[in-house]
Each structure stands twice: as structure tokens, then as C-alpha cells.
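Student: Residue numbers (full-length UniProt numbering): 1 to 409.
We treat Cβ as the ideally placed atom computed from N, Cα and C, and that holds for glycine.
Structure in C-alpha cells, see below.
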Amino acid sequence: MSNQPKHLNLVILSDSFAVCKLPPDAAVPDWATKPSASFCSVTRTRDELSIVCPHVPPGTPDTQNNWTCLKIQGPLDFSWTGILASLAKPLSDAGISIFALSTYDTDYILVSVDQATAAVAVLQQQGHIVTFESKAKDPPTTTTAIAPRDGPAKEFHPDPWVVSLIENPTTAADTCFGLVVVAGWPPSREQWLSNYAQFCAAVQLCFDEADVTESFLDKTTPRPAVYFYPFAALHTTVATFRPFTFEGVLSEAQKDVIIRNARQIMERAIRNDRFPQKPLRLEIDSAQLGSKAGILLWKETTGGMQSIRNCIEKAFDDFMEEFPEEASSMTSTFTMPQINHSTFCRFTKVPNTNCDQVQERFRRDVVSNLSTMFPSSILVNSVSLVCERTPYMHVPNDEIHVLFTCKLN
């Protein structure tokens with residue numbers, strides 16, 4: 001019978017990991033022998049040389065990237081049994097595959113970054129304690145130039161659009177009509193998928209388990225209170241010609257007119273000599289949980305974002321002067337945000353977790369570690385005009401939804 005501790009303490013390591021296989025007689029590469037701040041494993045057998053570490057050079061054969069590593073807080077007694085089984089079994093039942101490793105003091109499990117959030121939820125349901133590795137000694141000193149109006153919240157509010165996305169994903173499509181200019185969409189998996197997965201896992205731990213996991217016992221409200229955006233829906237809004245939430249029914253002919261006008265405005269904007277030709281660069285600045293949504297706040301370090309907005313605004317004003325009747329349908333809906341942000345979560349219902357407690361955990365465990373979670377800047381190589389026929393950019397990247405794209409090369 002297993003004499004393992006009833007509940008294990010696990011830490012999500014801040015690095016993203018790669019697993020690679022080399023020939024059994026290969027020399028251990030120099031990049032695998034450098035001291036690692038978190039974890040590195042080199043295993044040689046008759047069949048292979050297997051390496052797990054944060055940084056594997058591009059082009060290394062037989063490499064699997066984007067793994068999140070969870071470390072069991074040790075040391076573990078050698079007489080204890082069933083430690084790994086207590087983690088592997090529930091994860092397997094949930095359809096989550098793992099890559100497990102053991103050292104003298106403890107055990108490690110790796111899961112793909114795509115399944116990291118789900119893995120944390122499963123382990124929490126089993127009573128295990130999961131925390132995020134902290135490397136930051138002091139909270140970041142940078143601040144956002146213009147603070148968003150919504151947040152930090154004293155209470156959270158549910159969003160009916162999100163409820164429809166979860167409960168009726170098929171019928172939610174083509175239920176709305178919005179036109180938005182976005183940067184960095186679709187997001188680059190190579191640049192920051194693993195960072196986003198680790199960030200969401202850390203945010204998840206700010207709420208009580210019931211708020212972030214689906215209830216399989218209460219079938220009347222199976223959805224979690226906190227809805228995290230899928231990676232494919234992440235974007236930074238540059239400008240909005242018409243928000244999908246704007247009231248008023250439009251005929252297909254009216255929609256076509258608005259789309260045609262928005263395209264013309266974008267074509268004018270990119271012909272402006274001040275429209276940037278090089279990629280934008282986003283660096284993490286801050287994050288906050290507002291009453292309606294959680295957002296990541298970025299610093300755009302090239303100045304290109306503001307130039308794009310200025311060019312679009314100039315093109316919009318010129319178009320209004322030349323074609324006032326054509327532009328009349330957009331005069332009351334055209335907006336330009338004053339911040340650079342990406343929404344990462346919304347709420348399907350009011351969370352049970354005390355809001356002040358959530359905000360304290362969020363400041364302590366997430367905001368203070370943002371530079372560790374997002375250590376590198378993100379290059380933005382395109383700006384697109386997108387038709388939101390499904391709420392919150394949950395749309396496919398196809399010609400029906402992407403109406404215009406400008407590459408920043």
C-alpha cells in the first residue's frame with residue numbers, strides 16, 4: 001500500500017523546456033552542460049542520449065519543444081511509493097500525456113504547454129498544491145503610461161458573450177458583426193505560446209479551484225467562472241471601426257458598405273509615408289484583472305504602433321471629408337485605444353473567490369513575476385483588418401474574416 005503524503009506540493013518552473021534525442025555515442029553538447037537556473041537532465045543509454053533543458057539550438061534533430069515542467073517539492077523519502085502514480089493516473093484519465101523524470105531528491109513531470117492549464121486543474125482537483133516558481137526579488141518598477149479604465153477590480157462581472165461562446169460555440173459563430181484592426185494576430189506560437197501557458201497557469205492559481213475548473217458533478221453549471229482566451233484568439237487592438245457589441249441590426253448590403261469603406265481607409269493609411277515598414281516590438285509592461293476582463297499591458301518600443309494609429313486616424317478623417325455620406329455609418333463607432341493590451345480572460349459568472357484575495361495573489365504571484373514569464377520582446381510582423389463574426393476574435397484566419405493585411409517587413 002502506498003505511504004505517500006496525502007497531498008503533494010508542486011512548483012511550475014518558469015522556463016519552457018525542450019526534449020531531444022541524440023545518438024547513444026554522441027558527445028554531450030556544450031549547450032547541455034551549462035548551469036541551468038531551473039532544470040536540465042542528460043541521460044545516456046545503449047539506445048540514445050536524451051536531453052531535457054530550457055534551450056536547445058534550432059535545427060537540433062529529434063527535438064520536441066514547448067514543454068512545461070512541474071517539480072515535486074522534495075526531498076522525497078526513498079521509502080515512499082506511488083508518488084508519480086498519484087500524478088500520472090489522474091492526468092492520464094484526463095487525456096494528458098506526461099514525460100516523467102526522477103532525481104535523487106525528487107520527481108519532475110513535463111506536460112505540453114497546450115495542456116499545462118488543464119494539468120494544473122486536474123492536479124488541484126486531486127488535492128495537490130500547485131504554485132508558480134518565483135525568480136523576481138522585487139516587483140517590476142515599470143508602469144503603463146496610460147492606465148486602463150477597468151481595474152484593478154473590486155468585484156467581477158459575468159459576460160453573456162463568453163457564456164454563448166462556451167455553451168454554444170457553433171451557434172455563436174456569425175452572431176455578430178464587428179470590424180477591428182489588430183496587430184500580431186494570429187499570435188506567433190514560436191515566440192510566446194509557452195509563456196502564455198505558464199502565465200495562465202499562474203493566474204489560475206489566484207482563484208479557488210472551483211472557479212477555474214469545470215464541474216462534472218453539477219451539470220446545471222458545468223462551466224468554470226473564469227474563461228481563459230485560447231492562444232489563437234490573442235491580439236492587440238490597433239483601432240476599431242465598429243465594435244461587435246454595437247447595437248443595431250444591419251443588412252448584408254449595409255455590412256458590405258462598411259467593409260468596403262474600412263478597406264479603403266486602411267489602403268489610404270498604408271500609403272502614408274509615416275506608416276511603419278518594420279516590425280513592431282512589444283515588451284511586457286504590466287497586467288491587471290478588471291471587473292470585466294483580465295489584460296496584459298504592453299510597451300511598444302519602436303513607436304510604430306502610435307504611427308499606425310496616427311495614419312489610420314488621418315485616413316479616416318480624410319475619407320470623412322471626401323465621402324461624408326459613406327462614412328456616416330462609422331462616425332459614431334470608430335475608436336482608437338490609448339493603450340496596448342491583450343485580453344486573456346473574462347468571466348462566465350461571478351467567481352466564488354473573494355475579489356480582494358484574488359487581487360492580492362495576482363499582485364504577489366503574477367505581476368511581480370511578469371518579466372520572468374515574458375522575458376523576451378514579441379515581434380509583430382503584420383496589421384490586419386478583421387471582421388468579428390464571432391465575439392472576441394474567436395475567428396479563423398481565412399479570407400472571410402481577414403479583409404486586409406499589411407506585412408511589416
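#1: With distances taken between CB atoms, is the gap from I72 to L110 smaller than 9 angstroms?
#2: Alpha carbon to alpha carbon, what distance is there between F404 and L385?
#3: Run through the DSSP bridge pairs and tell me what I339 is partnered with.
#4: According to the neighbour-count rule (16 or more other Cβ atoms, all chains shown, within 10 Å of its Cβ), is E321 buried or exposed?
#5: Taking three-plus beta-carbon pairs below 8 angstroms as touching, is the segment 339-355 in contact with the segment 152-159?
#6: Counting only runs of 4+ residues fully inside the segment 276-322, write out the alpha helix (DSSP H) ranges in chain order.
#7: What residue from V162, F275 and L179 has the CA that sits closest to P224's CA?
#8: Name the DSSP bridge partner or partners of D107?
#9: Three or more C-beta pairs closer than 8 angstroms, one from the segment 88-98 and one from the segment 117-128: is that the case here?
#10: Compare the Cα-Cα distances from G303 to each of N340, S371 and F362 and report the closest residue.
#11: Quick one: using the 10 Å Cβ neighbour count with 16 as the cut-off for buried, is S112 buried or exposed?
#12: In whole angstroms, give me the CA-to-CA distance for I98 and A88.
#13: Roughly how many angstroms lie between the CA atoms of C206 and I129, to the nearest whole one?
#14: Which two residues bound the contiguous beta strand (DSSP E) that contains E388?
#15: Alpha carbons only, please: which of F374, L408, R242 and N397 is nearest the one belonging to S16?
#16: Cα-Cα, which of N381, T390, W80 and H401 is closest to T106?
#17: Can you check which of these residues, I378, V402 and N381, is closest to R389 by C-alpha distance?
#18: Exposed or buried, which one is D273 when buried takes at least 16 other CB atoms within 10 Å?
#19: Taking only three categories from DSSP, how would you classify S368?
#20: Provide the residue span of the beta strand (DSSP E) that contains W67, from first to last.
#21: Can you find the residues in the same chain that come closer than 7 angstroms, C-beta to C-beta, to I308, ignoring five residues on each side of it along the sequence?
#22: Please name the residue, chosen from H7, S251 and F177, that lies closest to G82 on a Cα-to-Cα basis.
#23: Helix, strand or coil for L403? Go by DSSP, reduced to three states.
#24: Determine, using beta carbons only, whether Q359 comes closer than 9 angstroms to chain D.
#25: Among D62, P75, Q338 and H55, whose alpha-carbon lies nearest the alpha-carbon of L49?
#26: Shortest alpha-carbon distance to A116 belongs to which of A85, L370 and Y196?
#27: Whose C-alpha, out of C69, L13, G127 and D114, is nearest the C-alpha of L101?
#28: Output yes or no for whether 9 angstroms exceeds the beta carbon distance between residue 414 and R263.
#29: To which residues of the same chain is P23 closer than 7 angstroms at the C-beta, ignoring the five residues directly before and after it?
#30: Can you look up A145 in the DSSP assignment and give me helix, strand or coil?
#31: Since F17 is in the alpha helix (DSSP H), which residue starts that stretch and which ends it?
#32: For R242 versus T333, is the C-beta distance shorter than 9 angstroms?
#33: Thinking C-alpha only, which one of V19, A293 and V257 is nearest P58?
#34: Here's the rule: buried if 16 or more other CB atoms are within 10 angstroms of the residue's CB, otherwise exposed. What is S328?
#35: Go ahead and pull the three-state DSSP assignment for L379.
#36: What is the DSSP secondary structure of S41, reduced to helix, strand or coil?
Tutor: Answer, in terms of the structure:
#1: no
#2: L385 and F404: Cα-Cα distance of roughly 5 angstroms.
#3: DSSP lists no partner for I339.
#4: exposed
#5: yes
#6: Counting only runs of 4+ residues, the alpha helix (DSSP H) found wholly inside the segment 276-322 occupies 304-322, in chain order.
#7: V162
#8: S102
#9: yes
#10: N340
#11: buried
#12: 7 angstroms
#13: 12 angstroms
#14: S382 to E388
#15: Closest by alpha carbon: F374.
#16: W80
#17: V402
#18: exposed
#19: Reduced to three states, the DSSP call for S368 is helix.
#20: T63 to I72
#21: Cβ neighbours of I308 beyond the five flanking positions: V238, F275, P276 and V383.
#22: H7
#23: strand
#24: Judged by its chain identifiers, the structure shown contains no chain D, having just a single protein chain.
#25: D62
#26: Y196
#27: Nearest option by C-alpha distance: C69.
#28: There is no way to answer for residue 414, as the model of the chain reaches only from 1 to 409.
#29: L49
#30: Caution is warranted here: a pLDDT of 40 is assigned to A145, below 50, making its placement in the model unreliable, and the coordinate value is therefore given only provisionally. Looking at A145 - three-state DSSP - the assignment turns out to be coil, as it is neither helix nor strand.
#31: Counting along the chain, F17 falls outside any alpha helix (DSSP H), though it belongs to the beta strand (DSSP E) covering N9 to L22.
#32: Contact flag set, yes.
#33: V19
#34: exposed
#35: strand
#36: strand
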